[in-house]
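Colleague: Residue numbers (our numbering), protein chains in the order written: chain A, 32 to 142; chain B, 86 to 200.
Ideal placement from N, C-alpha and C gives every residue a C-beta, glycine not left out.
Keep in mind that this is a model prediction, so the values were computed, not measured.
First, the structure itself, so that you have it in front of you.
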Amino acid sequence: AQSVTQPDIHITVSEGASLELRCNYSYGATPYLFWYVQSPGQGLQLLLKYFSGDTLVQGIKGFEAEFKRSQSAFNLRKPSVHWSDAAEYFCAVGEGDKIIFGKGTRLHILP
Amino acid sequence: GAVVSQHPSRVICKSGTSVKIECRSLDFQATTMFWYRQFPKQSLMLMATSNEGSKATYEQGVEKDKFLINHASLTLSTLTVTSAHPEDSSFYICSAPGQIPYEQYFGPGTRLTVT
Numbered sequence: 032a033q034s035v036t037q038p039d040i041h042i043t044v045s046e047g048a049s050l051e052l053r054c055n056y057s058y059g060a061t062p063y064l065f066w067y068v069q070s071p072g073q074g075l076q077l078l079l080k081y082f083s084g085d086t087l088v089q090g091i092k093g094f095e096a097e098f099k100r101s102q103s104a105f106n107l108r109k110p111s112v113h114w115s116d117a118a119e120y121f122c123a124v125g126e127g128d129k130i131i132f133g134k135g136t137r138l139h140i141l142p
Numbered sequence: 086g087a088v089v090s091q092h093p094s095r096v097i098c099k100s101g102t103s104v105k106i107e108c109r110s111l112d113f114q115a116t117t118m119f120w121y122r123q124f125p126k127q128s129l130m131l132m133a134t135s136n137e138g139s140k141a142t143y144e145q146g147v148e149k150d151k152f153l154i155n156h157a158s159l160t161l162s163t164l165t166v167t168s169a170h171p172e173d174s175s176f177y178i179c180s181a182p183g184q185i186p187y188e189q190y191f192g193p194g195t196r197l198t199v200t
């Protein structure tokens, strides 16, 4: 079975600073990878996904992620965070007809 | 984009009672819907897949008789937690698939507290 590891439970960055959220996966073949954001009172929203092709994928809200097969990594990045980016972020991998989620990283933004 | 709603957003019930959570696809039809459970500081765990017109498919370890799922129409799936206990307190989230592989539209979730 596939799994997803998000090693950081909490991350705190200052507004305007750059952000990187880590994600590692375990899967033998090329995985289907996702990043979701969960804000209070709102459903999970897909930020971006990787299926194949260019390993650097652009998403919504200025986020990007890079698929690094050699490191089994799919880290999420943003060059300059905004206070509204404070939320829970989930990395996920597709398996069969299901999505397997990591435990999430809570992002805190300092003013 | 496609919208999925859940009702109620929060519910408090007494131990031993049953509570129903509704999941609706507002502007599209869904023959399948997914039900997840999320514990605090934990991942979303898939509980079951509801199928319109047939029985739900439950994940291993999920009690079918406790978590009753009904997919009554192409826009409505319900999860009923029967004889609820405090350990059933959790955040329940539903989703409906989109057109492309692994695309899912998530509802805002329902916070269940059993006292």
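(1) Any beta carbon of chain B sitting closer than 8 angstroms to that of Y63/A?
(2) In whole angstroms, what is the alpha-carbon distance linking D128/A and P62/A?
(3) At a cut of 8 angstroms, does the region 132-140 of chain B reach the region 184-194 of chain B through at least three beta carbon pairs?
(4) Mind checking H139/A: buried by the 16 CB within 10 Å criterion, or exposed?
(5) Along chain B, in chain order, which residues have C-beta atoms closer than 7 angstroms to that of Q102/A?
(6) Pair every Cβ in the region 98-118 of chain B with every Cβ in the region 111-122 of chain A, then say whether three or more of these pairs are closer than 8 angstroms.
(7) In chain B, which residues lie with their C-beta within 8 angstroms of the C-beta of K134/A?
(8) Any chance the region 46-66 of chain A sits against the region 117-127 of chain A, with 3 or more Cβ pairs inside 8 angstroms?
(9) If you measure from the beta carbon of I40/A to each beta carbon in chain B, is any gap under 8 angstroms?
(10) Residues of chain B with CB closer than 7 angstroms to the CB of I130/A, please, in chain order.
(11) Report the residues of the region 71-84 of chain A with a CB closer than 7 angstroms to any CB of chain B, ordered along the chain.
(12) What's the C-alpha gap between T36/A and Y81/A?
(13) Which residue's Cα is closest to the Cα of N136/B: S180/B, V147/B, A87/B?
(14) Hey, out of D116/A, Y120/A, G135/A, whose CA is closest to E46/A's CA?
(15) Taking all protein chains shown into account, decide if D173/B is buried (16 or more other Cβ within 10 angstroms of its Cβ) or exposed.
(16) Is G47/A close to chain B, meaning its C-beta is less than 8 angstroms from at least one C-beta of that chain?
(17) For Q73/A, tell me which candidate among K134/A, A104/A, G133/A, Y120/A has the shortest Cα-Cα distance.
(18) I'd like to confirm something about S128/B: is its beta-carbon nearer than 7 angstroms to some heavy atom of the ligand FAD, or not?
(19) Could you check the C-alpha separation between K149/B and G90/A for me, to the nearest Å?
(20) How about S103/B and A169/B: are their beta carbons less than 8 angstroms apart?
(21) Thinking C-beta only, is K105/B closer than 8 angstroms to T165/B?
(22) Nearest chain B C-beta to G125/A closer than 8 angstroms, yes or no?
(23) Pull up the DSSP beta-bridge partners for G125/A, would you.
Modeller: Taking the definition as stated:
(1) yes
(2) In a straight line, the C-alpha of D128/A is about 13 angstroms away from that of P62/A.
(3) no
(4) Exposed: under 16 other Cβ atoms inside 10 Å.
(5) Going along chain B, no residue has its Cβ under 7 angstroms from Q102/A, so there is no contact; the nearest lies around 21 angstroms.
(6) no
(7) Those are K126, Q127, S128, listed as they occur along chain B.
(8) yes
(9) yes
(10) Y187, Q189
(11) G72, Q73, G74, L75
(12) 17 angstroms
(13) S180/B
(14) The shortest CA-to-CA distance from E46/A to any of D116/A, Y120/A, G135/A is the one to D116/A.
(15) buried
(16) no
(17) Measuring from the Cα of Q73/A, the nearest candidate turns out to be Y120/A.
(18) With respect to the ligand FAD, the structure offers nothing, as it holds no ligand at all.
(19) Take the alpha-carbon of K149/B and the one of G90/A: they are about 38 angstroms apart.
(20) Yes, the pair counts as a contact, with Cβ atoms nearer than the cut-off.
(21) Contact: yes.
(22) yes
(23) I130/A
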